[in-house]
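Peer 1: Chains as they are written, first to last, in the working numbering: chain H, 1 to 311; chain S, 1 to 311; chain E, 1 to 311; chain R, 1 to 311.
Would you mind keeping the following structure in view while I ask a few things?
Protein chains: 4
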Amino acid sequence: MQLDELLASVHADIEPFIGEGKVANYIPALAKIDPKKFGMAVVTVDGDVHMIGDATEAFSIQSISKVFTLTLALGRIGEGLWKRVGREPSGTPFNSIVQLENEHGIPRNPFINAGAIVVADTLLSGHQPKETLGEILSFIRYLTDDDSITIDAEVARSEQLTGFRNAALANYMLAFSNIHNPVEKTLGVYFHQCALSMNCVQLAKAGLFLANNGRLSRSGHGAVSAERARRINALMLTCGHYDASGDFAFRVGLPGKSGVGGGILAIAPGKAAIAVWSPGLNANGNSATGTRALESLAKRTGWSIFGAGRN
Amino acid sequence: MQLDELLASVHADIEPFIGEGKVANYIPALAKIDPKKFGMAVVTVDGDVHMIGDATEAFSIQSISKVFTLTLALGRIGEGLWKRVGREPSGTPFNSIVQLENEHGIPRNPFINAGAIVVADTLLSGHQPKETLGEILSFIRYLTDDDSITIDAEVARSEQLTGFRNAALANYMLAFSNIHNPVEKTLGVYFHQCALSMNCVQLAKAGLFLANNGRLSRSGHGAVSAERARRINALMLTCGHYDASGDFAFRVGLPGKSGVGGGILAIAPGKAAIAVWSPGLNANGNSATGTRALESLAKRTGWSIFGAGRN
Amino acid sequence: MQLDELLASVHADIEPFIGEGKVANYIPALAKIDPKKFGMAVVTVDGDVHMIGDATEAFSIQSISKVFTLTLALGRIGEGLWKRVGREPSGTPFNSIVQLENEHGIPRNPFINAGAIVVADTLLSGHQPKETLGEILSFIRYLTDDDSITIDAEVARSEQLTGFRNAALANYMLAFSNIHNPVEKTLGVYFHQCALSMNCVQLAKAGLFLANNGRLSRSGHGAVSAERARRINALMLTCGHYDASGDFAFRVGLPGKSGVGGGILAIAPGKAAIAVWSPGLNANGNSATGTRALESLAKRTGWSIFGAGRN
Amino acid sequence: MQLDELLASVHADIEPFIGEGKVANYIPALAKIDPKKFGMAVVTVDGDVHMIGDATEAFSIQSISKVFTLTLALGRIGEGLWKRVGREPSGTPFNSIVQLENEHGIPRNPFINAGAIVVADTLLSGHQPKETLGEILSFIRYLTDDDSITIDAEVARSEQLTGFRNAALANYMLAFSNIHNPVEKTLGVYFHQCALSMNCVQLAKAGLFLANNGRLSRSGHGAVSAERARRINALMLTCGHYDASGDFAFRVGLPGKSGVGGGILAIAPGKAAIAVWSPGLNANGNSATGTRALESLAKRTGWSIFGAGRN
């Protein structure tokens, strides 16, 4: 079956479920999104783009941004990053602080909030937040070859006004000397990176290097080494869906990273990068219909990394 | 490069490290093993067997047995098993009881001790331990086509005499009605399954169905469905190394299950099943040199499930 | 006001609440108790006995027995006991196992179940449970000068049949070598001590030495030193009501120990020992009306240890 | 024995230990204190003042201030305070955040940092920090009849510069809507109250109302009701020494509140208020020699609230 037909079948599979789940409502900018939105894009390693539904409508990528800031941070400080953040599943919700107390201010992995705040802190390292955000934006634009991608200032402002739990995490890690810049600046970067606004096609393009041994397909240029791409994928698989990472691996079988905006970026190594968007969230804070769509896609394509191709 | 040469290279890679780590000493039968043992076997989906070092010397597979009992339990009661055990990484050591208290006696996954005890309990379901152990042994012998595999009675007895923490876990779950048979019987099954004695070649053969979409390669007969094989692999990846599962995924990139006897079973879907044995354990209770050997093998073969084949 | 009148006033205060709370139902022998029972006895340091309601009807003293076994254990092994059990409030429910994992099998205090099981284990120390129970019974009979007090065999049997969580605690501590006898024997002592059957008058008499600097009032003979009596009172105050100890201190202001049978023993140092019984329990597992009655008594007498006598 | 002689005996008892423990070093102003300082003052309910050692040298009272702000807050909003803060021992260190996550942002008691921050927040309630601090200072000056007491601005500034963990606690509770003012203002009050500078005589005078059924002895005027005084004493007993409260009750037997500056305020209801100061802290962050001195005093006076007067 061709990918376009296949996407249509996936769409049919999930149609009865569109609208399920609960739209994130902690900031007004997210709460007002239409829960019936659904989009999906698949970009193959050959660079072919396939899409369905609202795949060209921008949404707030939120925590999916953590994949890109991690990539940048590894590029800047290399494996030394792992002195400041672990790489184990946390077994706790995305914003838990309990683990930090027991483990001396070292977050379990770069995809829970505390870990991503440390990653943002390494990127900042003495610069102004504006410069660091410029760098993040440039990287995303380079990956996608699309200069229209921006940060939604209203969302960023809202995050900042309500991000007390993140402020608690940052201050807590500062008390363990695991934040090196002023808390406000580090959080400034973090809140803005979460407010990146992208559509499914852009997001799938941005993630393609992870499916392609670290290379951008359009040119063959490397974004990262093949080994680093594999390792980032491994982290997405074990930690990308917080305390539902095991379930996502079990059901979908692809490395993935979700955001409370309802987006998920998934990677089929050697095949494609996939982005899906549906705002309703399940109990663990991951897109409910988005997960279903990926489950259907993985089943129909045999792309699960845990199988031997088509059955 | 051919696999035999490749195994020789892996052997050369890890040679300087043989003997590192600490041999499990909680029971005499394990403590007396020579720490310098090292064996590795690779069985490809075509059925070819490659080996190096002490690959035909039997060792106690311990927690690796959990993969086979899980497979049997899913065969017997199907997905209903997930009402009694979760499928998320625990973020805690293999024998932690904390999580059970917070989550009403439901273990996080079938690979931590508490979860495996529940799995053993489902297999027992009213039978005598002897019958259940017979069934487990038959399954392993069927998978390997090797009737010489047995349970080491001395090891089993030692486990029973020192397994107080496991007795605590079982009684605790019983208090939440998540153990259905008399605790002694359920633990009897559990302690004996851990005492299964196998060598690397036998272990790799036994795991091959997981690399082969659920089919036994020798005949093409199916042990489980392709979907179930994928799901078991997913669980091995996210939960197979306790609170070092993330690190194993990061470094090796293959679904794997370790045992305190120093064995690890790893699966390269579509390619091969791999068994390695080296008794010295790292701080997380996983074979230190065994992990190194798998890391070297994955790098040299490009078998990581997170990459797109050879770089 | 005389104590008899005062008890009548207390009775009037709590009358509207008789029957509130939930009778413990985990064993049939406790579940069948009439929830409207209420008795109270005050024995002054002069030996005068005052009582009201069902004060001569026997009930299962349950965890109140921990006061007497602690006293015996301190008599036998002295302050060395504190190497095996702490003396801090636990901040967790009576049967929590979480704290044990974090603190290497050393229970926080002798009044949570785990701590009382260790205390029972020290009393057993190589003897048969029957002998140890004989010793406990002799001690209670000596304190009360009443040989009619017995252990309810039916209650003890029921406890044993349902005490899986206690079995988990004991096995868990055994894994840390903090249980020195066979688990069954230690639990045998523990389950039987909890099944001690006493009425309010007997219970108040048994506790009187704690109000009287360690001396039995009837003869002036010392049960324990004045310092030990003070210390046991301190432990009752900080730990005697599990995770509601702070609230009991706040409202009543007397050292006290509760049991799930609905009894509470409270000590007014230099004045009296008080026993109250009302089977309905509040959310923390302490007698609801019993606590009210003690609050009323403390207010009317000015016996709170936190005040300077009558206002 | 007269109190002056008695204090001399206490002094002799503890002399060999002067200098033990570790002076708090998290802010320079505390770190530079001479570890050999020792002072003690006893103010009886008759108003007699007895002292020994460095009893008129001012030190930073730190967390002892929580007793006075709690008293003020209860005066202002009454028992409604207990909706925002609990009254149970926490079983965890003074600055733990774990309990907050498990209990929805409600601190266990008003004497751990999180609880005291909530108390400060209730006192602030829309006012400026300066006004609230003025009120706290007025209250202390009123209790002591001593207008020379001040806040050490340098200490307050240092606290603010290093108080990241407290900032984490405040932000965390804000996320649960349990902080009602801007975090900086609430923390401003908290950091300054901790910087109150008092000597032992002043501190004992300030606490005397708690020994005297709520009345200031000099005039007989009431600071609080007798019931409230009792309740504050109860909280000091169960929660005043963090996770060593049980041990302090066991050894000393008096309600007490410690501070990392090395001070302890203890209350002997109906008898006296006692203040002791010795900067070296034990492992739980309480004055090591100060605790010894109170233990000696309680033993020599028979003032323990758990005994029946002199043995």
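Cβ coordinates follow ideal geometry from the N, Cα and C atoms, glycine included.
Note that the structure is predicted; figures quoted are calculated from it, not measured.
1) Kindly identify the DSSP beta-bridge partner or partners of leucine 265(H).
2) Could you check whether the Cβ of valine 98(H) sits closer than 7 Å to any Cβ belonging to chain R?
3) I think asparagine 178(R) touches arginine 84(R), with their Cβ atoms under 8 Å apart; what is that distance to the nearest whole Å?
4) Closer than 6 Å by C-beta to proline 255(S): which residues in its own chain qualify, once you throw out the five before and the five after it? Chain order, please.
5) Which chain R residues are close to glycine 207(E), counting only those with a beta carbon under 7 Å from its beta carbon?
6) Quick one: using the 10 Å Cβ neighbour count with 16 as the cut-off for buried, is alanine 308(R) buried or exposed?
7) What whole-angstrom Cβ distance do valine 43(H) and alanine 273(H) have, given they're in contact under 8 Å?
8) Residues in the same chain with beta-carbon distance under 7 Å from alanine 249(R), minus the five sequence neighbours each way, listed in chain order, please.
9) Can you pull the chain S neighbours of arginine 230(H), defined as C-beta to C-beta under 7 Å?
10) If you drop the 5 nearest sequence neighbours on each side, which residues of the same chain put their C-beta closer than 6 Å to that of isoleucine 52(E)?
11) Chain R beta carbons: is any one of them nearer than 7 Å to that of proline 347(E)?
12) Tell me the DSSP secondary structure of glycine 39(R) in three-state form.
13) Curious, which full-length beta strand (DSSP E) runs of at least 3 residues does the stretch 42-110 of chain E contain?
14) Report the neighbours of glutamate 159(E) on chain C: residues whose CB is nearer than 9 Å to its CB, in chain order.
15) From serine 225(R) to arginine 215(R), what does the alpha carbon distance come to, in whole angstroms?
16) Taking a Cβ distance cut-off of 7 Å, strictly less, list which residues of the stretch 163-183 of chain S are near chain E, in chain order.
17) Got a sec? Which residues, its chain only, sit under 6 Å from glutamine 160(E) by beta carbon, not counting five neighbours each side?
18) Taking buried to mean at least 16 other C-beta atoms within 10 Å of its own C-beta, is glutamate 101(S) buried or exposed?
19) What whole-angstrom Cβ distance do leucine 123(R) and valine 189(R) have, given they're in contact under 8 Å?
20) Residues of the stretch 3-17 of chain H with a CB closer than 7 Å to any CB of chain S: list them in chain order, please.
21) Can you list the residues of chain E that glutamate 101(S) reaches, using a CB-CB cut of under 7 Å?
22) Does the distance from the C-beta atom of leucine 210(S) to that of alanine 229(S) stay below 7 Å?
23) Buried or exposed for glycine 262(R), please, with buried defined as at least 16 other CB atoms from any protein chain shown within 10 angstroms of its CB.
24) Report the three-state DSSP secondary structure of valine 224(R) (helix, strand or coil).
25) When you compare the CB of asparagine 282(H) with every CB in chain S, is at least one pair closer than 7 Å?
26) Could you check the C-alpha separation between arginine 76(H) and alanine 175(H) for me, to the nearest Å?
27) Determine the DSSP secondary structure at leucine 123(S), reduced to helix, strand or coil.
28) Touching or not, the stretch 118-133 of chain R and the stretch 274-288 of chain E, by the rule of three or more beta carbon pairs under 8 Å?
29) Beta-carbon within less than 6 Å of threonine 132(E)'s beta-carbon, same chain only, minus the 5 sequence neighbours each way: which residues are those?
30) Counting only beta-carbon atoms, is arginine 87(S) nearer than 7 Å to chain H?
31) Comparing C-alpha positions only, which one of Asp34(H), Asp54(H) and Gln2(H) sits nearest to valine 201(H)?
32) Check whether the Cβ atoms of valine 155(E) and alanine 195(E) lie closer than 7 Å to each other.
33) Do we get a CB-CB distance below 7 Å when we pair glutamate 90(E) with the residues of chain R?
34) Can you check whether the C-beta of threonine 238(E) is within less than 7 Å of a C-beta belonging to chain R?
35) Show which residues of chain H have a CB atom less than 9 Å away from the CB atom of threonine 269(S).
36) If I measure Cβ to Cβ from threonine 56(R) and keep anything under 8 Å in the same chain, skipping five residues before and after, which residues do I get?
Peer 2: To lay it out plainly:
1) Within the first sequence, residue 265(H) is the residue found at index 265, counting from 1. Lys257(H) and Ala275(H).
2) Taking the first residue of the first sequence as 1, we reach residue 98(H) at position 98. Output row for valine 98(H): interface = yes.
3) The residue you call residue 178(R) lines up with position 178 of the fourth sequence. The residue you call residue 84(R) lines up with position 84 of the fourth sequence. Contact flag correct, Cβ pair sits at about 6 Å.
4) To locate residue 255(S), count along the second sequence from 1; it is residue 255. Once the five neighbours on either side are set aside, the close Cβ partners of proline 255(S) are Asn233, Met236, Leu237 and Ile267.
5) Taking the third sequence and counting its residues from 1, one reaches residue 207(E) at position 207. Per Cβ cutoff of 7 Å: no residues; glycine 207(E) is ~13 Å from chain R at best.
6) Walking along the fourth sequence from the start, residue 308(R) turns up at place 308. Per the 10 Å Cβ criterion, buried.
7) Counted from its first residue, the first sequence places residue 43(H) at position 43. Counted from its first residue, the first sequence places residue 273(H) at position 273. Sure, about 5 Å apart at Cβ, within 8 Å.
8) Locating residue 249(R) in the fourth sequence gives position 249, where the first residue counts as 1. Cβ within range, chain order: Leu237.
9) Counting from 1 along the first sequence, the entry for residue 230(H) is found at position 230. Within 7 Å Cβ-Cβ: Gly253, Ser304, Phe306 and Gly307.
10) Here residue 52(E) is taken as the residue at index 52 of the third sequence, counted from 1. Here the set comprises Leu7, His11 and Met40.
11) A question about residue 347(E) goes unanswered here, because the residues of chain E that appear run from 1 up to 311.
12) As a first step, residue 39(R) must be located in the fourth sequence, where it is residue number 39. In the structure shown, glycine 39(R) sits in a strand (DSSP, three-state: E or B).
13) 49-53
14) No chain C appears in the structure shown, which is made up of the protein chains H, S, E and R.
15) Position 225 of the fourth sequence holds residue 225(R). Position 215 of the fourth sequence holds residue 215(R). Rounded to the nearest angstrom, the two C-alpha atoms are 8 Å apart.
16) Phe164, Arg165, Ala167, Ala168, Asn171, Tyr172, Leu174 and Ala175
17) Stepping through the third sequence from its first residue, residue 160(E) is reached at position 160. Excluding positions up to five away in sequence, the list reads Phe191.
18) As a first step, residue 101(S) must be located in the second sequence, where it is residue number 101. By the 10 Å Cβ count, glutamate 101(S) comes out buried.
19) Looking up residue 123(R) in the fourth sequence gives position 123. Looking up residue 189(R) in the fourth sequence gives position 189. About 7 Å; that satisfies the 8 Å criterion.
20) none
21) Here the question's residue 101(S) lines up with position 101 in the second sequence. Within chain E, the residues near glutamate 101(S) are Ser96, Ile97 and Val98.
22) Residue 210(S) sits at position 210 when you count from the first residue of the second sequence. Residue 229(S) sits at position 229 when you count from the first residue of the second sequence. Yes, these two residues count as a Cβ contact at 7 Å.
23) On the fourth sequence, residue 262(R) is found 262 positions in, with the first residue counted as 1. Buried, by the Cβ-count rule.
24) Residue mapping note: residue 224(R) aligns to position 224 of the fourth sequence, counting from 1. Correct three-state label for valine 224(R): coil.
25) Locating residue 282(H) in the first sequence gives position 282, counting from the first residue. Chain S, which has no Cβ nearer than 7 Å to the Cβ of asparagine 282(H), makes this no.
26) Here residue 76(H) refers to the residue found at position 76 when the first sequence is read from its first residue. Here residue 175(H) refers to the residue found at position 175 when the first sequence is read from its first residue. Whole-angstrom Cα-Cα distance: 24 Å.
27) Numbered from its first residue, the second sequence carries residue 123(S) at position 123. Leucine 123(S) falls in the helix class under three-state DSSP.
28) no
29) Within the third sequence, numbered from 1, the residue matching residue 132(E) stands at position 132. The answer, listed in chain order, is Leu123, Leu124 and Val189.
30) By 1-based counting over the second sequence, the position of residue 87(S) is 87. Yes, because at least one Cβ of chain H sits closer than 7 Å to the Cβ of arginine 87(S).
31) Here residue 201(H) corresponds to residue number 201 of the first sequence, with the count starting at 1. Per the Cα distances, Asp54(H).
32) What you label residue 155(E) is simply residue 155 of the third sequence in a count that begins at 1. What you label residue 195(E) is simply residue 195 of the third sequence in a count that begins at 1. Yes, the Cβ-Cβ distance between valine 155(E) and alanine 195(E) is below 7 Å.
33) As a working note, residue 90(E) is residue 90 in the third sequence. Reading off the sequence, residue 90(E) comes out as serine, not glutamate. Yes - at least one Cβ of chain R is within 7 Å of the one on serine 90(E).
34) Residue numbering aside, residue 238(E) sits at position 238 when the third sequence is read from its first letter. It does; some Cβ of chain R falls within 7 Å.
35) Numbered from its first residue, the second sequence carries residue 269(S) at position 269. Contrary to the premise, residue 269(S) reads as proline rather than threonine in this sequence. Per Cβ cutoff of 9 Å: Ser304, Ile305, Phe306, Gly307, Ala308 and Gly309.
36) Position 56 of the fourth sequence, counted from the first residue, corresponds to residue 56(R). Excluding sequence neighbours, threonine 56(R) sits near Gly39, Asn199, Cys200 and Val201.
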